[in-house]
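Numbering (the working numbering), first residue to last: 640 to 950.
Just so it is clear, CB atoms sit at the ideal spot from N, CA and C, and this is done for glycine as well.
See below for the structure under consideration.
Listed below in structure tokens is the structure:
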């Protein structure tokens with residue numbers, strides 16, 4: 640069975656940094672929909688670990704869509720896709736349906752979920768499937784648009800030769816740990832820097848790290864800031880989700896717009912370091928401070944910051 644339709648066959652794959660804040664993920668989701676989503680796409684697969692931001696990306700791509708795993712309210716029961724699949728009329732009220740396979744597998748057998756997805760698609764409906772890699776062996780058909788979320792967001796239009804969902808999963812599941820470490824290190828830097836800077840800084844991305852952007856050149860001590868973060872990592876403070884706008888660092892409340900994308904404790908951050916210089920963006924008139932986590936590459940400064948002007 641094929642759902643190829645009128646696809647953008649020239650598109651192989653695209654890669655974006657996966658933002659860590661809610662608003663930035665919403666914004667990227669909107670742009671992904673504008674650039675890559677086709678009206679003929681009926682089956683959209685989303686792949687990634689829990690807390691990687693899949694649901695937020697879907698909300699950005701499909702504003703107003705009711706997510707069946709939305710724990711901000713009551714989980715939608717019965718699952719709308721199954722409700723219409725089981726009805727005698729087979730009538731689908733909505734045009735777009737969502738389901739989270741990992742969540743639904745606790746209540747419904749996989750082959751039943753697969754049959755419901757295929758039935759909806761055959762009737763011209765669009766189905767968005769989180770944890771698509773789990774249902775793929777039962778569907779035996781790939782998605783029109785496949786999106787993986789790890790440290791980076793991979794967007795691809797697979798064909799019969801791939802890429803397969805498990806191949807995307809292998810990539811994003813291994814890289815998401817760097818995103819969690821970087822986000823926690825980023826929040827620790829905000830936590831310890833002076834309030835006048837932490838309250839106004841913007842956030843950017845770099846591979847295995849983060850970028851903090853300021854409207855004026857900061858004057859705080861970078862060595863002292865790095866030491867405070869080192870001390871917090873050595874203390875192995877727990878990082879806890881509070882709500883969609885806050886986390887707890889040890890027992891202290893801290894504002895965060897991506898509260899689910901963190902390591903469980905500060906001691907899980909590996910090889911944190913600040914790049915001990917500010918970079919200047921003359922186009923946007925901003926000053927940037929970068930931090931890194933994970934193994935250091937031999938040429939990381941030259942590779943990642945070549946286009947930034949050192950002050």
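Could you tell me the alpha carbon to alpha carbon distance between residue i and residue j, rounded to whole angstroms?
i, j, result
"residue 682", "residue 735", "10 Å"
"residue 836", "residue 763", "51 Å"
"residue 698", "residue 719", "18 Å"
"residue 904", "residue 826", "12 Å"
"residue 928", "residue 853", "8 Å"
"residue 823", "residue 757", "40 Å"
"residue 845", "residue 918", "13 Å"
"residue 797", "residue 781", "7 Å"
"residue 910", "residue 751", "46 Å"
"residue 773", "residue 741", "8 Å"
"residue 673", "residue 701", "11 Å"
"residue 934", "residue 914", "14 Å"
"residue 924", "residue 821", "25 Å"
"residue 712", "residue 703", "Because residue 712 carries a pLDDT of 44, less than 50, the predicted location of this residue cannot be relied on, and no value is offered for it."
"residue 856", "residue 842", "15 Å"
"residue 769", "residue 661", "18 Å"
In chain order, what residues of the same chain lie with their CB nearer than 6 Å to the CB of residue i, ignoring the 5 residues before and after it?
i, result
"residue 691", "788 and 815"
"residue 694", "706"
Which two residues bound the contiguous alpha helix (DSSP H) that contains residue i?
i, result
"residue 694", "693-700"
"residue 669", "661-675"
"residue 820", "804-831"
"residue 778", "771-778"
"residue 751", "749-761"
"residue 742", "740-743"
Leaving out five residues on either side along the sequence, give the residues of the same chain with a beta carbon under 8 Å from the beta carbon of residue i.
i, result
"residue 879", "886 and 887"
"residue 802", "652, 785 and 795"
"residue 733", "719 and 764"
Output needed for residue i: all residues of its chain with C-beta closer than 7 Å, excluding positions within five of it in sequence on either side, in chain order.
i, result
"residue 655", "667, 791 and 792"
"residue 832", "859 and 864"
"residue 1026", "Lying outside 640 to 950, the shown extent of the chain, residue 1026 is not represented and no answer is given."
Around the Cβ of residue i, are there at least 16 other Cβ atoms within 10 angstroms (buried) or fewer (exposed)?
i, result
"residue 876", "buried"
"residue 688", "buried"
"residue 785", "buried"
"residue 804", "buried"
"residue 671", "buried"
"residue 891", "exposed"
For a cutoff of 8 Å on Cβ pairs, would you count residue i as touching chain D?
i, result
"residue 925", "The structure shown contains no chain D; it is built from a single protein chain."
Could you spell out the range, first to last residue, of the beta strand (DSSP E) harbouring residue i?
i, result
"residue 791", "791-795"
"residue 656", "652-656"
Secondary structure, beta strand (DSSP E): runs of 3+ residues fully inside the stretch 893-932: For the stretch 893-932, whole beta strand (DSSP E) runs of length 3 or above, ordered along the chain, are 918-920 and 925-931.
What are the start and end residues of each continuous beta strand (DSSP E) run of 3 or more residues lying completely inside the stretch 823-891, in chain order? The qualifying runs are 841-845, 848-853, 878-882 and 885-888.
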